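*Asks:* Before anything else, here's the structure in question.
There are 2 protein chains.
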Amino acid sequence: MDTKTSNFADWQQDAMGAFEPFLVDACRNGLRGAPARLREAIESGLLSGGKRVRPSLALLGCEAAGGDLEAALPAAAAVEMIHAYSLIHDDIPCMDDDDIRRGHPAVHIEFGEWTAVLAGDALQAMAFRVLANQACTATGCRQAGCLAEAAGPRGMVGGQFLDMNSRGSQASYREVEKIHLGKTGALIEASIQMGVLAGGGNPDSWVQFSRSLGLLFQATDDILDVTAQESEIGKPTGRDKEEGKVTLVASEGLDGAIEKATSLAEASTRFLEDAQPLRRSAVLEDLVNYILQRCR
Amino acid sequence: MDTKTSNFADWQQDAMGAFEPFLVDACRNGLRGAPARLREAIESGLLSGGKRVRPSLALLGCEAAGGDLEAALPAAAAVEMIHAYSLIHDDIPCMDDDDIRRGHPAVHIEFGEWTAVLAGDALQAMAFRVLANQACTATGCRQAGCLAEAAGPRGMVGGQFLDMNSRGSQASYREVEKIHLGKTGALIEASIQMGVLAGGGNPDSWVQFSRSLGLLFQATDDILDVTAQESEIGKPTGRDKEEGKVTLVASEGLDGAIEKATSLAEASTRFLEDAQPLRRSAVLEDLVNYILQRCR
Chain A
4 MDTKTSNFAD WQQDAMGAFE PFLVDACRNG LRGAPARLRE AIESGLLSGG KRVRPSLALL
64 GCEAAGGDLE AALPAAAAVE MIHAYSLIHD DIPCMDDDDI RRGHPAVHIE FGEWTAVLAG
124 DALQAMAFRV LANQACTATG CRQAGCLAEA AGPRGMVGGQ FLDMNSRGSQ ASYREVEKIH
184 LGKTGALIEA SIQMGVLAGG GNPDSWVQFS RSLGLLFQAT DDILDVTAQE SEIGKPTGRD
244 KEEGKVTLVA SEGLDGAIEK ATSLAEASTR FLEDAQPLRR SAVLEDLVNY ILQRCR
Chain B
4 MDTKTSNFAD WQQDAMGAFE PFLVDACRNG LRGAPARLRE AIESGLLSGG KRVRPSLALL
64 GCEAAGGDLE AALPAAAAVE MIHAYSLIHD DIPCMDDDDI RRGHPAVHIE FGEWTAVLAG
124 DALQAMAFRV LANQACTATG CRQAGCLAEA AGPRGMVGGQ FLDMNSRGSQ ASYREVEKIH
184 LGKTGALIEA SIQMGVLAGG GNPDSWVQFS RSLGLLFQAT DDILDVTAQE SEIGKPTGRD
244 KEEGKVTLVA SEGLDGAIEK ATSLAEASTR FLEDAQPLRR SAVLEDLVNY ILQRCR
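Chains as they are written, first to last, in this note's numbering: chain A, 4 to 299; chain B, 4 to 299.
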């Protein structure tokens, strides 16, 4: 695929034509022979919708670094598996206790709590299986290291811990930022970095962009929880305040949060302009705007 | 280390002199900068005792294949991290709801349920981080694939699902075997296979031995739940029956279970004799006996 589009939605529609079948295959291969009900729970968590932002970033990172999108399919599938597992675990009663996800009953509602815990556990293993099942190259190994670091106690899980641990407290912007960099930013960063690695590029030069984009993404999530309707985002809104979550809106107010999101989007766009000429630069820029526009 | 001992306990004491500091280092490196309370929960799950059977098997597999024990330290640490995460998750209320582990309060008792879920999640990521942080060789990549497969929905997690799902039912020996091969056997197999890979050997030739040993290990666990005192095994006994678990004792009776365990031990020993001359053969044979003797 090498369309000339500068529109993220158009690019994504094409790219998902390659990604979705790859993801379904990787999932089914990893599940062949597994207990049927566990398989259903895992497929329900992984394959029933979602915006596929993280895999898109992996594929775009690969293209931007000069590679073919196909080279980043395993990384894209792996990061989506990690994301799906994190949502399944976040929704269980002892965590966020959410019943609805992507417009459907959460996995723990449909399949029960212990099956949800096991489905999440299995998906994490499946993510590393997909990476390891590529030809065993140094790139695959570096991708696994990158994903493991991002998913671990200093990354996504650490961020979720801080999020849970801060419930009901008043937090400064710096604390909110730390939570967001962990629970959302780490995996966004890893998506881009694994993609850039697959494309033969240097992930270090993407750190600033990845960080801004990760923070922007969680900022809009916090804002949408206040401003959106359930039908728009596929899960109940207004939950953050009910749960006493430390969010950007709680710390900065709604206007302040929108201001922050706007300046994070500007920082991301600036990186892309400064890095010109970059393949897929226009699509990445449109993605930044797409994320920002969701909350304005 | 190259002692001439044929005694597993002696061998293990020496080997753990290399393994424990490596594990502590790998754990602390992976946790540097993580939230303090999460770090404590993870260290409590990973570093407060345990028989270290799986890491020992990885190290022995490496030596048997002709390698130096040091080459298998990352694999040994990774498999222990996966094992520790599985125990933490197994103990939470919606799973086995056990309060005591290794003679101490379970992680969910000491740190709370959601911290236990996150500590387990983090440990799984840390396991793959340790493997990926070796020099990025084909061996490291194959080890990661082996561990991911064993830890996933067809292996350990699949076995735990079957175990949970069969509670209260009457199971045939074949069904018990399937549960045991998954929840315990898969990781025992992966330990040996990763070790053999580290030592430059062919893991395929170890499949029969690994399977017998894995089944033996879970068989003795089932037997000890009926015959042992809490003080001997560091967790309450008699729980299997209370929970309606499908076990070897429930399916075969106590005498039948001991008979099965004995014949699994014989099968393991036969492999070692047939495979002579094998480095560490005597230590492996003593390990088989050590496992069997625990339950007789």
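Beta carbons are placed, not taken as given, at the ideal position from N, Cα and C, and that holds for glycine. Please read all numbers here as calculations on a predicted model, not as lab measurements.
Express the C-alpha separation of A:Phe131 and A:Ala147 in angstroms, rounding to a whole number.
*Replies:* Cα to Cα, A:Ala147 sits roughly 7 Å from A:Phe131.
*Asks:* As an exercise, report each continuous alpha helix (DSSP H) stretch of at least 4 residues that is fully enclosed by the region 64-117 of chain B, in chain order.
*Replies:* DSSP runs (the alpha helix (DSSP H)) wholly in the region 64-117 of chain B: 76-94 and 110-114.
*Asks:* Answer with yes or no whether the minimum CB distance from B:Arg55 to chain A is below 8 Å.
*Replies:* Not an interface residue.
*Asks:* For A:Val286, count the other beta carbons within 10 Å of its own beta carbon; 16 or more makes it buried, fewer makes it exposed. Which is it?
*Replies:* Under this definition A:Val286 is a buried residue.
*Asks:* Looking at A:Leu190: is its Cβ nearer than 8 Å to the Cβ of A:Leu218?
*Replies:* Not a contact, by the Cβ cut-off of 8 Å.
*Asks:* Would you be able to state if there are at least three C-beta pairs under 8 Å between the region 105-114 of chain B and the region 104-122 of chain A?
*Replies:* No, the region 104-122 of chain A is not in contact with the region 105-114 of chain B.
*Asks:* In whole angstroms, what is the alpha-carbon distance linking A:Gln296 and A:Asp289?
*Replies:* Straight-line Cα distance between these residues: approximately 10 Å.
*Asks:* Compute the beta-carbon to beta-carbon distance between B:Asp124 and A:Gln173, rounded to the nearest angstrom, for a pair I have assumed lies under 8 Å.
*Replies:* Actually they do not touch by this definition, with Cβ atoms about 28 Å apart.
*Asks:* Would you report the Cα separation of B:Met4 and A:Leu134, rounded to the nearest angstrom?
*Replies:* Because B:Met4 carries a pLDDT of 49, less than 50, the predicted location of this residue cannot be relied on, and no value is offered for it.
*Asks:* Assuming contact is defined by CB atoms lying nearer than 8 Å, are A:Asp258 and A:Asp243 in contact in what I supplied?
*Replies:* Not closer than 8 Å, so no.
*Asks:* Could you check whether the region 191-210 of chain B touches the region 62-71 of chain B, counting it as contact only if at least three pairs of C-beta atoms, one from each stretch, sit closer than 8 Å?
*Replies:* Segments in contact, yes.
*Asks:* Going along chain A in order, which residues have a C-beta closer than 9 Å to the C-beta of B:Ile182?
*Replies:* Chain A residues near B:Ile182: none, gap ~10 Å exceeds 9 Å.
*Asks:* Rounding to the nearest angstrom, what Cα-Cα distance links A:Glu152 and A:Ala138 in this structure?
*Replies:* Approximately 21 Å between the Cα atoms of the pair.
*Asks:* Where does A:Leu306 fall in DSSP's three states?
*Replies:* Beyond the ends of chain A as shown, which are 4 and 299, falls residue 306 of chain A; an answer cannot be given.
*Asks:* Put A:Pro58 into one of helix, strand or coil per three-state DSSP.
*Replies:* Here A:Pro58 sits in helix by DSSP.
*Asks:* Check the Cβ-Cβ distances between B:His92 and every residue of chain A, and say whether any is below 8 Å.
*Replies:* Taking Cβ atoms only, chain A reaches closer than 8 Å to B:His92, which makes this a yes.
*Asks:* Which runs of the alpha helix (DSSP H), 4 residues or longer, sit entirely within the region 157-234 of chain B?
*Replies:* Within the region 157-234 of chain B, the complete alpha helix (DSSP H) runs of at least 4 residues are 159-168, 176-183, 189-201 and 210-230.
*Asks:* Is it true that the CB of B:Lys54 sits closer than 8 Å to the CB of B:Arg170?
*Replies:* The answer is no: Cβ separation not under 8 Å.
*Asks:* By the three-class DSSP mapping on this structure, what secondary structure does B:Arg273 have?
*Replies:* Looking at B:Arg273 - three-state DSSP - the assignment turns out to be helix.
*Asks:* Exposed or buried, A:Val210, counting other C-beta atoms within 10 Å across all chains shown (16 or more means buried)?
*Replies:* So A:Val210 ends up on the exposed side.
*Asks:* Between the region 128-145 of chain A and chain B, which residues of the former have CB atoms less than 7 Å from a CB of the latter, in chain order?
*Replies:* Answer set for the region 128-145 of chain A: Ala128, Met129, Phe131, Arg132, Ala135, Asn136, Cys139, Ala141, Gly143, Cys144 and Arg145.
*Asks:* Nearest to B:Asp101 by CA position, among B:Thr265, B:Ala260 and B:Thr240, is which residue?
*Replies:* Closest by alpha carbon: B:Thr240.
*Asks:* Does DSSP put B:Cys144 in a helix, in a strand, or in coil?
*Replies:* If DSSP states are grouped into helix, strand and coil, B:Cys144 belongs with the helices.
*Asks:* Around the C-beta of A:Gly106, are 16 or more other C-beta atoms found within 10 angstroms, so that it is buried, or is it exposed?
*Replies:* Exposed, since its Cβ has fewer than 16 Cβ neighbours within 10 Å.
*Asks:* If we call anything under 8 Å between Cβ atoms a contact, is B:Leu49 one with B:Arg42?
*Replies:* For B:Leu49 and B:Arg42, no; Cβs fall outside 8 Å.
*Asks:* Mark B:Trp14 as exposed unless 16 or more other C-beta atoms lie within 10 angstroms of its C-beta, in which case mark it buried.
*Replies:* So B:Trp14 counts as buried.
*Asks:* Enumerate in chain order the residues of its own chain whose CB-to-CB distance from B:Gly20 is below 6 Å, with the five nearest sequence positions on each side excluded.
*Replies:* Counting only Cβ-Cβ distances below 6 Å, and skipping sequence neighbours, we find nothing.
*Asks:* Mark A:Thr140 as exposed unless 16 or more other C-beta atoms lie within 10 angstroms of its C-beta, in which case mark it buried.
*Replies:* Exposed: under 16 other Cβ atoms inside 10 Å.
*Asks:* Smallest Cα separation from A:Ala61: which of A:Val160, A:Ala79, A:Thr265 and A:Ile294?
*Replies:* Cα-wise, what sits closest to A:Ala61 is A:Ala79.
*Asks:* Hey, could you find the ends of the alpha helix (DSSP H) A:Pro38 is sitting in?
*Replies:* Note, A:Pro38: premise wrong, no alpha helix (DSSP H); not H, not E.
*Asks:* Quick one: Cα of B:Glu262 to Cα of B:Ala122, how far?
*Replies:* Going by the C-alpha atoms only, they are around 38 Å apart.
*Asks:* Can you give the Cα-Cα distance for A:Leu267 and B:Ser89, rounded to whole angstroms?
*Replies:* Taking the straight line joining both Cα atoms gives about 39 Å.
*Asks:* Please tell me whether B:Arg31 has its Cβ less than 8 Å away from any Cβ of chain A.
*Replies:* Judged by the 8 Å Cβ criterion, B:Arg31 is not in contact with chain A.
*Asks:* How would you call B:Lys238, buried or exposed, if buried means at least 16 neighbouring beta carbons within 10 angstroms?
*Replies:* With 16 or more other Cβ atoms within 10 Å, it is buried.
*Asks:* Mind checking whether A:Phe212 and A:Ile294 have CB atoms under 8 Å apart?
*Replies:* No. Outside cutoff.
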